[in-house]
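Okay, structure first, notes after.
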Amino acid sequence: MNTQQKYAIVTFGSHSALQILKGAQQEGFHTICICIKGKEQPYKSFGVADEIILIDKYDDYFLIEDQLLQKNAILIPHASMIAYLGIEKIQLIKTMYFGDRDILSIEASRDKQAQWLEDARLNIPKTFTPATIDRPCIVKFDGADGGRGYFIAKDYDEFKKKIADRYNESFTCQEYVVGIPTYIHYFYSPLTKELELFGLDKRYESNVDGIGRIAFKDQAGFALETSYTVAGNKPLVLRESLLPEVFKMGESVIKASQKLTKQGLYGAFCLETVITSDLQFYVFEISARIVAGTNVYMNGSPYTYLRYDEPMSTGRRIAREIKQAIARDQLTKVLG
Ligand code: ADP
230 MNTQQKYAIV TFGSHSALQI LKGAQQEGFH TICICIKGKE QPYKSFGVAD
280 EIILIDKYDD YFLIEDQLLQ KNAILIPHAS MIAYLGIEKI QLIKTMYFGD
330 RDILSIEASR DKQAQWLEDA RLNIPKTFTP ATIDRPCIVK FDGADGGRGY
380 FIAKDYDEFK KKIADRYNES FTCQEYVVGI PTYIHYFYSP LTKELELFGL
430 DKRYESNVDG IGRIAFKDQA GFALETSYTV AGNKPLVLRE SLLPEVFKMG
480 ESVIKASQKL TKQGLYGAFC LETVITSDLQ FYVFEISARI VAGTNVYMNG
530 SPYTYLRYDE PMSTGRRIAR EIKQAIARDQ LTKVLG
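So the mapping is simple: this note's numbering equals the position in the sequence shown, first residue as 1, plus 229.
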């Protein structure tokens, strides 16, 4: 039995689970997919899960946790798990957990996130209180819910009209940066202390990416409101001269995170940016874990092709890090 065969990799069946499980299989781990009943078809069909555990709702995870503990399972978090289980319940998880759990509460608060990005000296869009909005702003509700319900307002009156009955929810008004939204995928190894660039994607969002299909003269016939609900992702390579800046930004957020929590950020993460016409990156958000945009590179990206002689997805890289940590007897370095 290989050392890693004494462990299992487990994740929830959603978001980037196909890639996480496939990558873990490629690295020789037993894989377990926890699925909400009725959602298991892809995990069966693609053969990425050696075992599927069905539950009725996310909270029922705690009913099956003993099975995972017995199997020496290591849980890989992703955005759906965080959104549906919630960060308080995640702190109660006893199963081994890949990544820094302390960073979750920082990521979840837009203020703390902004402070983190500022400490890293990155360009970030200006934020406003509703009454001080003096330029087109994007109004975002808290929680990673794929851009659902976000809207644009250029002044307080428009804001009041559009926020309607959601005023009591937590939201941020952020300057709308005109440019191209670009999502940068990184991996930072706490074992080698090296930062790797894994790839980039752009999102395919409804309806903002569909509006251009209707000629301006015809748009007047529709009651159009711009919305940003993510439906999928597309691959992207960057103008090569921008890559030094990409590495610099990634390294700065890692360094800044080490002042925020004991372990600091490690594993997969993503900087969500807008690149303006003068080629400046504005970072509007950080995701401190694997993002769904990495799914476009299940077989590796142009950048992982350069570094690895084999197909390397982010999911596989996570499993590789765990495998190396086990081999060096340093598993605690990758568990939070
Ligand atoms: P999520 O919380 O789902 O990650 P985001 O904060 O990424 O949501 O925003 C969703 C979409 O809104 C982005 O893909 C981008 O198109 C757009 N967006 C977000 N912030 C800005 C900004 N400051 N300027 C311009 N567009 C933005």
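Idealized CB from N, CA, C, for every residue including glycine.
- Per the Cβ contact rule, the segment 473-488 is not in contact with the segment 518-536 (fewer than 3 Cβ pairs under 8 Å).
- Fewer than three beta-carbon pairs drawn from the segment 503-518 and the segment 530-539 are found closer than 8 Å, and the two stretches are therefore not classed as touching.
- Within the same chain, and ignoring the five residues on either side of M527 in sequence, the residues whose Cβ sits closer than 6 Å to its Cβ are Q248, S542.
- Shown here, Y412 sits in a strand according to DSSP, grouped into three states.
- Check the Cα spacing between Q255 and each of L564, G529, R330: the tightest is with G529.
- Along the segment 288-329, the alpha helix (DSSP H) occurs as fully enclosed runs of 4 or more residues at 290-299, 308-314, 316-320, listed in sequence order.
- Straight-line measurement puts the Cα of I367 at about 8 Å from the Cα of T401.
- Annotated as distal: L304 and V512, with beta-carbon spacing of 8 Å or more.
- Within the same chain, Cβ atoms closer than 7 Å to the Cβ of T232 are found at I555, A556, the five residues on either side in sequence being excluded.
- For T260, there is no enclosing alpha helix (DSSP H); the enclosing beta strand (DSSP E) has its first and last residue at 259-265.
- The Cβ atoms of R330 and G565 sit closer than 8 Å to each other.
- Contact between I362 and D384 holds, with the beta-carbon distance rounding to 6 Å and staying under 8 Å.
- For E454, the closest of N462, P464, G441, V466 by C-alpha to C-alpha distance is G441.
- Taking C-alpha positions only, H414 is separated from R546 by approximately 12 Å.
- Apart from the 5 residues on each side of it in sequence, P359 sits with its Cβ closer than 7 Å to the Cβ of Y385, F388, C402 in its chain, given in chain order.
- Here K463 is not near V407, since their CB atoms are 8 Å or more apart.
- DSSP, read as helix, strand or coil, puts K491 in coil.
- Boundaries of the beta strand (DSSP E) around G428: 424-436.
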